[in-house]
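> If you count the sequence shown from 1, position 408 lands on 855 in this note's numbering, and the numbers rise without skipping. Note that CB positions come from ideal geometry on N, CA and C, so glycine has one too. Structure incoming, see below.
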Amino acid sequence: MKRYIIKGGKRLFGEVDVSGSKNASLPILAATIISGKKSKLYNLPDIEDVRVTLEILKSLGAKVKKDSNKVIIDSKCIRCTVIPDNLMRKLRSSVIIAGAIIARFKEVSFTYPGGCDIGARPIDLHLENFKKIGIKINENCRYIECKCDKIESRNIVLDFPSVGATENLVLASVIGNQEVVINNAAKEPEIIDLANFLNKMGAKVYGAGTNSIKIKGVNSLKEVSYKIMPDRIEASTLLIAGAITSGSVKVNKVNPEDISVVLSKLKETGCEITVEKQSVKLIAPAKLRPVNFKTTPYPGFPTDVQPMFTTLLTLAKGTSIVTENIFENRFKFLQELKRMGIKITEIDGKTVVIKGVRKLHQAELYATDLRGAASMILAALAAKGTTTVNNIEYLLRGYECLDKKLNQLGADVLREEGD
Ligand code: UD1
């Protein structure tokens, strides 16, 4: 078990670079399967979820050459269309690889994906809409087997703008003569990044970033070099680290527009925010003000930032109300934070009332999921004394060197490999 040992109570000051986006990297890595050619990716974050995705690509037959944040993937030799169960279970976005394999081979077999326990996370929208574009699905006790002769032209409407289902459908529809329109599509910036990557390879994906995406099939895709977009969740985490420690932090290499709703909520807490083209500076107020917010699909408040922002509000002067509308288990981390003296009341599974406290106490904590782990680290930075956050494996799935970045800003975070 890996852990961070954090001596809290230090104000964070300075500048830090944001890494490439986890949630953009994963579908883009999947998309490299489709071309059967070489793809060169820059700004790929060095995180566990990327390592597992590269393992999946290799298990299918791809050649992968990785050098820090750059990777070259040659998918020419891929022949296998079965995603291994042991890797499938390691992350949720493994399911998106199915769409890419279907696009290239018109068949794929996989098992149910794993990932953080933040809710039920079914894949019904993926499968239901695969069927609508002509993919036949046979679910047996071992595998979900998908097959089609060709992808069919369809105008489909998603019941919910699921990020993963939108990406899977885009990927599956890239090759062929068909035209697929996805209505009520997710609008997240990572979907725009995926579409930009596919279009640079020669695909015809229109309307990404709006709720209607049109994919005109093409015959083939070509080699490509592409730089992954910045991670908006990491950028938000680092800014909140500045806010929760009464510090002043500037994050560089970020798209400020992608985090505008988070920035506006940070302003409501009293933080001073200065936005430049690719950077954001935050100066924390003497006392944080309480804020209410609800998570919704993009461009609303991101569920992935909810745990960190909720943690910030535990130290605001007054009462805040937070509603989580996307994942039902996303308040689990608060049970751990109770050990530090936070005051919360859960109204129902979706809503918590947070009564701000003056300070947090040191504690021994156990991370429960990726963003829960980040929240515990933020709380530890603000608490007086030494806090241990165990189960840092969750954090390493999605943050590149968070300990080093925080230490660069003046924190005292020690990473221990543990037993
Ligand atoms: C992606 C992000 C994740 C983020 C989430 C919402 C990646 C790798 N992960 O996850 O960080 O928190 O978007 O912004 O990009 N749902 C169904 N059936 C389905 C699919 C989804 O009911 O077939 C439900 C989910 O249980 C959840 C909601 O839809 O309640 C949103 O899920 P979705 O947008 O699909 O999230 P992911 O793609 O899993």
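Compare the beta carbon distance of Arg679 and Val652 with 9 Å and say whether it is the shorter of the two.
Contact: no.
> Looking at the structure shown, is Asn837 part of a helix, part of a strand, or coil, going by DSSP?
Asn837 falls in the strand class under three-state DSSP.
> Candidates Ile580, Ile584, Val542, Lys537: which alpha carbon is nearest Cys563's?
Cys563 has its Cα closest to that of Lys537, out of Ile580, Ile584, Val542, Lys537.
> By Cβ distance, which residues of its chain are closer than 6 Å to Lys712, with the 5 residues on each side in sequence left out?
Taken in chain order, the residues that qualify are Val738, Phe740.
> Verify the contact flag: Asp705, CB atom, against every heavy atom of the ligand UD1, threshold strictly below 8 Å.
The answer is no for Asp705.
> Pairs of beta-carbons, one from the region 482-498 and one from the region 517-534, closer than 8 Å: are there three or more?
Verdict: yes, contact present.
> At a cut-off of 8 Å, is Ser540 close to the ligand UD1 when judged by its beta-carbon and the heavy atoms of the ligand?
Under cutoff, so the answer is yes.
> Evaluate the contact criterion for the region 549-569 versus the region 637-647: three or more CB pairs, one atom per stretch, below 8 Å.
Counting Cβ pairs under 8 Å, fewer than three are found: no touch.
> Examine the Cβ distances between the region 659-674 and the region 622-636 and report whether three or more of them are shorter than 8 Å.
Contact between the region 659-674 and the region 622-636 is present, because at least three Cβ pairs lie under 8 Å.
> Should Asp514 go down as buried or exposed, given a rule of 16 or more other Cβ atoms within 10 Å for buried?
It counts as exposed.
> With a threshold of 8 Å (Cβ to nearest heavy atom), would Phe756 be considered close to the ligand UD1?
Flag unset: Cβ of Phe756 not near the ligand UD1.
> Straight-line CA distance for Lys661 to Lys851?
So the alpha carbons of these two residues sit roughly 42 Å apart.
> State buried or exposed for Lys806, treating a residue as buried only when at least 16 other CB atoms are found within 10 Å of its CB.
So Lys806 counts as exposed.
> Relative to the C-alpha of Val542, which candidate in Glu783, Val511, Leu574 has its C-alpha closest?
It is Leu574 whose Cα lies nearest to the Cα of Val542.
> Under 8 Å Cβ to Cβ from Leu843, same chain only, skipping five residues before and after it: list those, please.
For Leu843, where only same-chain residues beyond five positions count, the Cβ hits under 8 Å are Lys449, Ile494, Glu495.
> Using 10 angstroms around the beta-carbon of Val497, count the other beta-carbons present and answer buried if the total reaches 16, otherwise exposed.
Val497 comes out buried.
> Can you tell me which of the three DSSP states Leu812 falls into?
It is a strand residue.
> Cα separation between Val463 and Val696?
Approximately 8 Å between the Cα atoms of the pair.
> From which residue to which residue does the alpha helix (DSSP H) around Phe774 run?
No alpha helix (DSSP H) holds Phe774; DSSP gives it neither H nor E.
> Rounded C-beta distance between Gly694 and Phe460? I'm assuming under 8 Å.
Yes, Gly694 and Phe460 are in contact; Cβ-Cβ is about 5 Å, under 8 Å.
> Of the choices Asn516, Leu861, Val671, whose alpha-carbon is the least far from that of Gly467?
Of the candidates Asn516, Leu861, Val671, the one whose C-alpha sits nearest the C-alpha of Gly467 is Asn516.
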